[in-house]
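One structure below.
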Amino acid sequence: MGSSVPVLVLNQNYEPLNVCNVRRAFVLVDRGKAEIIENGRGYLHSITAIFEIPSVIRLVYLIRRPRPQGRLTRRDVFLRDKFKCQYCRRPTRDLTLDHVIPRHRGGGHNWENVVAACKSCNHLKAGRTPEEARMYLLKEPYQPTYSYYRLFYQYLQSQSGWRKFIPGGDTDFGFA
């Protein structure tokens with residue numbers, strides 16, 4: 045088992061913090077800074093001892109940090125809008141970003157002004173507001189709440205034992 049295998053690091057209050065490799069996890073546990081919560085990978089045998097290979101560790105002290113905020117990315121807008129054009133309501137993977145109030149008319153590039161739109165609806169709307177184009181939104185754009193699941197989802201296919209430690213692990217990327 046290589047040292048690059050991921051290990052989930054939990055805060056003292058069981059909040060997911062980050063992912064480290066097995067070598068770093070061994071150091072944290074050995075120095076008394078963390079404890080093994082889940083083994084699930086077997087044991088490492090040395091000449092004099094047997095060590096659990098951790099899958100999940102928990103720090104013995106609380107790390108205080110602000111809750112991370114999700115960034116405005118194309119993929120996250122498409123996930124929030126469930127890969128559906130917000131004008132014609134058709135589900136598609138061939139989407140563009142549309143600024144509800146066009147940027148050249150003072151609209152910002154933020155969660156409350158950006159929606160997923162298919163290419164034909166985006167072209168039809170052009171540089172107008174939805175009211176001027178007589179096109180109506182499926183729902184008002186909003187900033188989704190931060191999701192730990194979104195942060196750790198890349199690991200959850202191979203590390204299914206982590207799901208119980210990731211809030212929102214049973215939802216669609218944590219977006220409502």
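Be aware that the sequence shown starts at 45, since it is given in this note's numbering, and climbs by one per residue.
For glycine and all other residues, C-beta sits at the position ideal for the given N, C-alpha and C.
Note that the coordinates shown come from a computational prediction; the quantities given were computed from them, not determined experimentally.
Counting along the chain, where does the alpha helix (DSSP H) carrying residue i start and finish?
i   : result
V49 : No alpha helix (DSSP H) holds V49; DSSP gives it neither H nor E.
Can the beta-carbon of residue i be found less than 9 angstroms from the beta-carbon of residue j?
i    : j    : result
A170 : L141 : no
K128 : Y105 : no
I97  : I81  : no
Q130 : W155 : no
D138 : C162 : yes
W206 : S48  : no
F95  : L103 : no
T117 : I145 : no
A201 : P50  : Correcting the residue identity first, residue 201 is Gln in this sequence and not Ala. No, the Cβ-Cβ distance between Q201 and P50 is not below 9 angstroms.
Which whole-angstrom value is the C-beta distance of residue i and residue j, which I expect to be below 8 angstroms?
i    : j    : result
N157 : P185 : 7 angstroms
Y199 : V63  : 6 angstroms
E72  : F209 : Looking at the sequence provided, one finds Leu at residue 72 rather than Glu. Wrong, their Cβ atoms sit about 16 angstroms apart, outside the cutoff.
L195 : R133 : Going by Cβ atoms, the distance from L195 to R133 rounds to 29 angstroms, so no, they are not a contact pair.
P60  : Y192 : 5 angstroms
Give the range of the beta strand (DSSP E) segment to which residue i is assigned.
i   : result
P60 : P60 to N65
On the DSSP bridge list, what partners appear for residue i?
i    : result
L181 : DSSP output for L181 lists no bridge partner at all.
L103 : A78
For the ligand MN, any of its heavy atoms closer than 8 angstroms to the Cβ of residue i?
i   : result
L72 : Absence of the ligand MN is noted for the structure shown, with no ligands found whatsoever.
Entirely enclosed alpha helix (DSSP H) segments - the stretch 111-179, minimum 4 residues = Segments of the alpha helix (DSSP H) lying fully in the stretch 111-179: 118-124, 163-169 and 174-177.
ask   = What beta strand (DSSP E) runs, 3 residues minimum, are completely inside the stretch 71-100?
value = The beta strand (DSSP E) runs lying completely inside the stretch 71-100 and spanning 3 residues or more are 78-82, 87-89 and 94-96, given in chain order.
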